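In this note's numbering, the protein residues as written are 1056 to 1186. Ideal Cβ positions, reconstructed from N, Cα and C, are used throughout, including at glycine. This one's a predicted model, so the numbers in the text were calculated from it and none came from an experiment.
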Ligand code: TYD
């Protein structure tokens, strides 16, 4: 479904690791960065698709699971490495759950925030896939 894991190049030495996102590392230009933190372990985030936005989701700290759905099939990804992100193209429903204690979920987005480009109703999402 064109959802894929992307390995962010990293530089590692005895002082630790440094990961860099630049150039063609991800398949869109970043318009916005936001992050989720202090998320209760029983919370569900996401629960929407986008008409335009592409995203890269990264577990900067801790872990969580992302369930993606393209209208015909589901895939589940465990994100738990700060240099492996999940690329989600336009038109894919996503839910994020099972946050570990201290998890930080970083989202790089291809668009600025615009509530009008969200699809927050699952049936509307499914209908958009059939048309
Ligand atoms: P929401 O879309 O429910 O978050 P998530 O999908 O990550 O679970 O957003 C929560 C609230 O934050 C909602 O009122 C919209 C607002 N918001 C912004 O104001 N700007 C943003 O860039 C984002 C992503 C959300």
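The nearest non-hydrogen atom of the ligand TYD is less than 7 angstroms from the C-beta of residue 1101.
Using a Cβ distance threshold of 8 angstroms, residue 1150 and residue 1107 do not count as a contacting pair. Taking 8 angstroms as the cut-off, the Cβ atoms of residue 1112 and residue 1160 count as close. If you ignore the 5 residues before and after residue 1175, its C-beta comes within less than 6 angstroms of the C-beta of 1103, all in its own chain and listed in chain order.
Distance from the CA atom of residue 1124 to the CA atom of residue 1060, rounded to whole angstroms, is 15 angstroms.
Under the three-state reduction of DSSP output, residue 1178 falls in the helix class. Annotation: the stretch 1062-1094 contains the following complete segments of the beta strand (DSSP E) (minimum length 3 residues), in chain order: 1065-1068, 1071-1074 and 1087-1091.
Per the C-alpha coordinates, the member of 1066, 1070, 1074 and 1067 positioned closest to residue 1138 is 1074. Under the three-state reduction of DSSP, residue 1129 is assigned to strand.
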